[in-house]
Structure formats: structure tokens, C-alpha cells
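S.K.: Going by the working numbering, the first residue of the sequence shown is number 117, and it counts up by one from there. Beta carbons are placed, not taken as given, at the ideal position from N, Cα and C, and that holds for glycine.
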Amino acid sequence: MITVTTEASAATTAAEPLKRLSDEGVSIWLDDLSRERITSGNLAELIEKKHVVGVTTNPSIFQAAIGSGEGYEEQLAGLAVRGVTVDEAVRMMTTADVRAAADVLRPVYDATSGRDGRVSIEVDPRLAHNTAATIAEAQQLAWLVDRPNVMIKIPATKAGIPAITEVIGLGISVNVTLIFSLERYREVMDAYLTGLEKAQAAGLDLSAIHSVASFFVSRVDTEVDKRLTKLGTDEALALRGRAALANARLAYEAYEEVFGSDRWTALVPTGAHKQRPLWASTGVKDPAYKDTLYVDELVAPGTVNTMPEATLNATAERGAVKGDTVSGGYAQARADLSAVEALGIPYDEVVKLLEDEGVAKFAVAWQELLGAVAKSLSRKGVDGE
Numbered sequence: 117m118i119t120v121t122t123e124a125s126a127a128t129t130a131a132e133p134l135k136r137l138s139d140e141g142v143s144i145w146l147d148d149l150s151r152e153r154i155t156s157g158n159l160a161e162l163i164e165k166k167h168v169v170g171v172t173t174n175p176s177i178f179q180a181a182i183g184s185g186e187g188y189e190e191q192l193a194g195l196a197v198r199g200v201t202v203d204e205a206v207r208m209m210t211t212a213d214v215r216a217a218a219d220v221l222r223p224v225y226d227a228t229s230g231r232d233g234r235v236s237i238e239v240d241p242r243l244a245h246n247t248a249a250t251i252a253e254a255q256q257l258a259w260l261v262d263r264p265n266v267m268i269k270i271p272a273t274k275a276g277i278p279a280i281t282e283v284i285g286l287g288i289s290v291n292v293t294l295i296f297s298l299e300r301y302r303e304v305m306d307a308y309l310t311g312l313e314k315a316q317a318a319g320l321d322l323s324a325i326h327s328v329a330s331f332f333v334s335r336v337d338t339e340v341d342k343r344l345t346k347l348g349t350d351e352a353l354a355l356r357g358r359a360a361l362a363n364a365r366l367a368y369e370a371y372e373e374v375f376g377s378d379r380w381t382a383l384v385p386t387g388a389h390k391q392r393p394l395w396a397s398t399g400v401k402d403p404a405y406k407d408t409l410y411v412d413e414l415v416a417p418g419t420v421n422t423m424p425e426a427t428l429n430a431t432a433e434r435g436a437v438k439g440d441t442v443s444g445g446y447a448q449a450r451a452d453l454s455a456v457e458a459l460g461i462p463y464d465e466v467v468k469l470l471e472d473e474g475v476a477k478f479a480v481a482w483q484e485l486l487g488a489v490a491k492s493l494s495r496k497g498v499d500g501e
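1. Which residue's Cα is closest to the Cα of Ile177: Ser334, Ser454 and Val480?
2. Using the beta-carbon count (16 or more within 10 Å), is His245 buried or exposed?
3. If you drop the 5 nearest sequence neighbours on each side, which residues of the same chain put their C-beta closer than 8 Å to that of Ile288?
4. Taking the beta carbon of Trp482 as the centre, do at least 16 other beta carbons fall within 10 Å, making it buried, or is it exposed?
5. Tell me which residues share the same chain as Lys274 and place their Cβ nearer than 8 Å to its Cβ, disregarding the 5 neighbours each side in the sequence.
6. Is the segment 324–342 touching the segment 424–437, taking contact as three or more C-beta pairs under 8 Å?
7. Within the continuous beta strand (DSSP E) that includes Lys165, where are the two ends?
8. Quick check on the DSSP output: the alpha helix (DSSP H) that includes Gly170 runs from which residue to which?
9. Which residue comes first and which comes last in the beta strand (DSSP E) that contains Asn363?
10. Once DSSP output is grouped into helix, strand and coil, what is the label at Phe548?
11. Could you pull the start and end residues of the alpha helix (DSSP H) that Lys135 belongs to?
12. What residue range is occupied by the uninterrupted alpha helix (DSSP H) comprising Lys314?
13. Let me know if Leu353 comes out buried or exposed under the rule of 16 or more other beta-carbons within 10 Å of its beta-carbon.
14. Could you spell out where the alpha helix (DSSP H) holding Ser184 opens and where it closes?
15. Could you tell me whether the Cβ atoms of Trp395 and Tyr410 are closer together than 8 Å?
16. Would you tell me roughly how many angstroms separate the C-alpha atoms of Leu309 and Glu189, rounded to the nearest one?
17. To the nearest angstrom, how far is the alpha carbon of Glu313 from that of Gly285?
18. Using a threshold of 8 Å, state whether the C-beta atoms of Ser236 and Thr281 are closer than that.
19. State the DSSP-derived secondary structure class of Asn265, mapped to helix, strand or coil.
20. Going by CA-CA distance only, name the one from Asp464, Arg198, Ser143 and Ala252 that's closest to Val328.
21. Hey, would you say Glu413 sits closer than 8 Å to Thr441, going by beta carbons?
22. Who does Glu494 pair with in a DSSP beta bridge?
23. Could you tell me if Glu506 is buried or exposed, where buried requires 16 or more neighbouring beta carbons within 10 angstroms of its beta carbon?
24. Between the C-alpha atoms of Asp337 and Asp240, what's the straight-line distance to the nearest angstrom?
25. Just to confirm, is the Cβ distance from Lys270 to Val261 under 8 Å?
26. Assuming Asp226 contacts Thr422 under a Cβ cut-off of 8 Å, what Cβ separation, rounded to an integer in Å, is found between them?
27. Below 8 Å between beta carbons: does that hold for Ala367 and Val340?
28. Could you tell me the boundaries of the alpha helix (DSSP H) in which Asn429 lies?
29. With a threshold of 16 other CB atoms inside 10 Å of the CB of Val384, please say whether the residue is buried or exposed.
30. Ignore the nearest five residues each way along the sequence and tell me which others in Pro264's own chain have a CB closer than 6 Å to its CB.
31. Tell me whether Ala315 is buried or exposed, calling it buried when 16 or more other Cβ atoms sit within 10 Å of its Cβ.
32. Excluding the 5 residues flanking Thr398 on each side, which residues of the same chain have their C-beta closer than 8 Å to its C-beta?
33. In three-state DSSP terms, what is Pro393?
34. What's the C-alpha gap between Glu140 and Thr345?
35. So, helix, strand or coil for Ile461, using DSSP?
36. Note down the Cα distance separating Ala318 from Gly387, rounded to an integer number of angstroms.
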């Protein structure tokens, strides 16, 4: 018997691990956006063929997209003629992309009653340590994008925690980003619940408010593995590649605890939604590890996995989705983190370093973006393009 494999059937087969992931209750979001991806129909194709139901952006993503200049020439020319500031130009371009992506994802948003179909845009990373400015920026971004399926990204810094409460209290959906520590994650969930309570007191419709908490994964292994490798003992080397998964699994345990509490139960009749854990930084940085490691090993219901396209494609081709790989692994996760600490690698020091580095990296990317746009505006203003 000869089996004929059509292009359509091959695509279906290739996407099977993604379908299984979706069936397990994991929402697949793409961690990338560019104007070319929208206008070419690529984003719509990923939604149709690869189970993508959301998009996340960050300053590094926009720096790569807008810095290349592809697809932005006409808008840049118009902005140059108007003589806008560089900051305003960047805001106009990034919010235009997010608005367009939100429109592409609107059918998903409608079909899932707002659960998915989301596009995230981050507040200016230079405001990460300024609560009042973060709140004002979040309101401005929500107004500029003007789509119900936008999520405003707020970093989980000390200054970001009260901002989360205030922005949720205003009825704006939030993606909390740059979460590395379990303690900070609990603060994030508390800030979300407090925000819902404020929104309820203000008479807002809680069913219209959604939130995710972006717990970063691969960067934890990058930092911890570096220190384990430096130690070089058999015991240390055996722990490589285990800290990030342990950290994420214990985050899910904390999620189950908080959203199983009496405080949460009291909000359920209002139509409030749980703040879902989102696994971020899921692209594998160590070539020694399987490229779908942070997808295969973080399958749990009610979560989001936001993937760079390379990880999305790798999962479609060779992902090993075998059911819930998070629940029930909490004792081992605690043992793994304890073993790392016992070797003289302090957990609190690692996660604080990663948070500081995360904020700094996004600020640098934003400055590079501003620089590239400034040059384009100047050139177009002089040349009259």
C-alpha cells in the first residue's frame, strides 16, 4: 500500500504536538512581532496552522523589528514631516503594530471570551522603578492601542507591584513581566487580587479584566548552570538544567495555592478570572539541551507558553507533549533548588541579579531603538523622502 502525503496533511502532522499542547490546557503565544509578520499574513497563518492564540512583545523585539526599518518607511516619513519627537515616533509605531496584531487576533479573543487572542505591549522600561509613571504609561498605552484584547506589560519590580494593583483596579488587563523569584511571584498575585478588589469596589465588570504573570525560565538555568560548571564537581554538574524547571514548577504550586484560597473564592461569583502563569524565556540557550525542553517539561492546565518562532517550530516538529509535567513534581523541585543552594549558590542572589539584568537589558534595547529611529527621522527630514 502506497501512502500519499499531501502538503496539507504534512502540515497537520507537523503541528500535532502543538495541538496536544493546546489540548492539555496550554495556550500557545508567539513571543515576537513585526510589521512584516502582520502584513505578509504570517501571523494569521501561525494562528491557523500552529495553534498560536496570542502574541507578546518586549523592547528587544521592537528593537529588532523597527531597527531593521522593513515596513516602517512610510510611517517614518510621515512622522518626520510632522516633526515629532523620537519617543512619540516609537510609541506611534509600536502601538500601531500592536493594534494591527490585536485585530488579526480578534476572532480568537471573541471565540475564547477574552481568555486568549491577546497582544501585550510593555511600558517604557526606563520607568521600571517609578510607580506613578508606570501607571500613567499603562493608561496611555491602553488608550493608544484602543483594543479590548491588548495587555499592558508591567515589570515585577518593587515599584511595579503597586502599579499592577492600580492598573488592574482601573479595569486594564495586565501582563506582569520579568518574574524570577517565588517570593516576588506571590507579591504579583497579591497585587492582582488587590486590584480586582479595587475594581469591584469601583463597580467595574471584573469579567472584562484578564491577567497573566510571566515567569521567566531559561535565564535561571543560564545563570545557575554557569555557577555549577565553575564548581565542576560531579554533584554540581549533575544539577545543570534543573533549576529553571524546579523554579517554574514551584511557581505553579504557588498559583494553585493562591487561586484555591478563600480570598479568591470570594471573587469567583463576580466573574473574575485567574491570573494565569505564563512561561516566558522558553527558548533554550544551551545547545546541550533539547530545544523544546521548556515546553515539554512545563505542561500544566491553565498556563500560557510564549515561544520565539524557533521554539514554536521545534515543538511542532519534535515536541514530546505527554500530559501534565508540572503538578506532582513539587517535592523534587524543592529538592533540586535546595541542592543548588547547598553548593553555595544563593537563590535570592540569583533571582535578584536576573531581575536587575532583565530590566537593564530591556532599557538598553529601548535606547538602541530610540537611536535607530532618531537617525531615520533625521535622514527622512533632511532628504525629504
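M.R.: Let's see:
1. Walking along the sequence shown from the start, residue 177 turns up at place 61. If you compare the alpha carbons of Ser334, Ser454 and Val480 with that of Ile177, the shortest gap goes to Val480.
2. Stepping through the sequence shown from its first residue, residue 245 is reached at position 129. Under this definition His245 is an exposed residue.
3. Indexing the sequence shown from 1 puts residue 288 at position 172. Taken in chain order, the residues that qualify are Ala254, Gln255, Ala258, Ile268 and Ile325.
4. Position 366 of the sequence shown, counted from the first residue, corresponds to residue 482. Counting other Cβ atoms within 10 Å of its Cβ, Trp482 reaches 16 or more and is therefore classed as buried.
5. Taking the first residue of the sequence shown as 1, we reach residue 274 at position 158. Counting only Cβ-Cβ distances below 8 Å, and skipping sequence neighbours, we find His245.
6. Using a Cβ-Cβ distance cut-off of 8 Å, the segment 324–342 and the segment 424–437 are not in contact, since fewer than three pairs of beta carbons, one from each stretch, lie closer than that value.
7. Counting from 1 along the sequence shown, the entry for residue 165 is found at position 49. Element bounds for Lys165: not the beta strand (DSSP E) but the alpha helix (DSSP H), Asn158 to Lys165.
8. For the purposes of this step, residue 170 is taken as the residue at position 54 of the sequence shown. Counting along the chain, Gly170 sits inside no alpha helix (DSSP H); it lies in the beta strand (DSSP E) bounded by residues Val168 to Val171.
9. For the purposes of this step, residue 363 is taken as residue 247 along the sequence shown, with counting starting at 1. Premise fails: Asn363 lies in the alpha helix (DSSP H), Ala359 to Val374, not in any beta strand (DSSP E).
10. This structure cannot settle anything about residue 548, because the visible part of the chain is limited to 117 through 501.
11. Numbered from 1 along the sequence shown, position 19 holds the residue referred to as residue 135. In the DSSP assignment, Lys135 falls within the unbroken alpha helix (DSSP H) covering Glu132 to Asp139.
12. Counting from one through the sequence shown, the residue named residue 314 turns up at place 198. That run of the alpha helix (DSSP H) goes Leu298 to Ala317.
13. Counted from its first residue, the sequence shown places residue 353 at position 237. If you draw a 10 Å sphere on the C-beta of Leu353, you find fewer than 16 other C-beta atoms in it, and that means exposed.
14. In the sequence shown, counting from the first residue as 1, residue 184 sits at position 68. In this chain, the alpha helix (DSSP H) harbouring Ser184 covers Pro175 to Ser184.
15. Taking the first residue of the sequence shown as 1, we reach residue 395 at position 279. Taking the first residue of the sequence shown as 1, we reach residue 410 at position 294. With a cutoff of 8 Å on beta-carbon distance, Trp395 and Tyr410 are scored as near each other.
16. Taking the sequence shown and counting its residues from 1, one reaches residue 309 at position 193. Taking the sequence shown and counting its residues from 1, one reaches residue 189 at position 73. Rounded to the nearest angstrom, the two C-alpha atoms are 43 Å apart.
17. In the sequence shown, counting from the first residue as 1, residue 313 sits at position 197. In the sequence shown, counting from the first residue as 1, residue 285 sits at position 169. C-alpha separation (whole angstroms): 7 Å.
18. In the sequence shown, the residue the question calls residue 236 occupies position 120. In the sequence shown, the residue the question calls residue 281 occupies position 165. With respect to the 8 Å criterion, Ser236 and Thr281 are not classified as neighbours on the basis of their beta carbons.
19. In the sequence shown, counting from the first residue as 1, residue 265 sits at position 149. Three-state result, Asn265: coil.
20. Against the sequence shown, residue 328 aligns to sequence position 212. For Val328, the nearest C-alpha among the options comes from Ser143.
21. Here residue 413 is taken as the residue at index 297 of the sequence shown, counted from 1. Here residue 441 is taken as the residue at index 325 of the sequence shown, counted from 1. Between Glu413 and Thr441, the C-beta spacing is below 8 Å.
22. Sequence index remark: in the sequence shown, residue 494 carries index 378 (1-based). One point to set straight first is that residue 494 is Ser, not Glu, in the sequence displayed. For Ser494, no pairing in a beta bridge is given by DSSP.
23. Nothing can be reported for residue 506, as the shown portion of the chain is limited to 117 through 501.
24. Taking the sequence shown and counting its residues from 1, one reaches residue 337 at position 221. Taking the sequence shown and counting its residues from 1, one reaches residue 240 at position 124. If I take the Cα positions, the gap works out to 27 Å.
25. Locating residue 270 in the sequence shown gives position 154, where the first residue counts as 1. Locating residue 261 in the sequence shown gives position 145, where the first residue counts as 1. The question names Lys, yet the displayed sequence has Ile at residue 270. No.
26. Against the sequence shown, residue 226 aligns to sequence position 110. Against the sequence shown, residue 422 aligns to sequence position 306. Between Thr422 and Asp226 the Cβ distance is about 21 Å, and since that is not below 8 Å, they are no contact.
27. For the purposes of this step, residue 367 is identified with residue 251 of the sequence shown, where counting begins at 1. For the purposes of this step, residue 340 is identified with residue 224 of the sequence shown, where counting begins at 1. Against a cut-off of 8 Å, the Cβ pair of Val340 and Ala367 comes out as no contact.
28. Sequence index remark: in the sequence shown, residue 429 carries index 313 (1-based). Where Asn429 is concerned, the enclosing alpha helix (DSSP H) stretches over Glu425 to Arg434.
29. In the sequence shown, counting from the first residue as 1, residue 384 sits at position 268. Label assigned to Val384: exposed.
30. Taking the sequence shown and counting its residues from 1, one reaches residue 264 at position 148. Take Pro264, set aside five residues on each side of it, and no residue of its chain has a beta-carbon closer than 6 Å to its own.
31. Walking along the sequence shown from the start, residue 315 turns up at place 199. Buried, because 16 or more other Cβ atoms sit within 10 Å of the Cβ of Ala315.
32. Translated into the one-based positions of the sequence shown, residue 398 becomes position 282. Counting only Cβ-Cβ distances below 8 Å, and skipping sequence neighbours, we find Asp147, Val333, Ser334, Tyr410, Val411, Leu414, Asn421, Thr422, Met423, Pro424 and Thr427.
33. Residue 393 sits at position 277 when you count from the first residue of the sequence shown. Under the three-state reduction of DSSP, Pro393 is assigned to strand.
34. Taking the first residue of the sequence shown as position 1, residue 140 is located at position 24. Taking the first residue of the sequence shown as position 1, residue 345 is located at position 229. When rounded, the distance between both Cα atoms is 35 Å.
35. Translated into the one-based positions of the sequence shown, residue 461 becomes position 345. Of the three classes helix, strand and coil, the one that applies to Ile461 here is coil, per DSSP.
36. Walking along the sequence shown from the start, residue 318 turns up at place 202. Walking along the sequence shown from the start, residue 387 turns up at place 271. Their Cα atoms are separated by approximately 15 Å.
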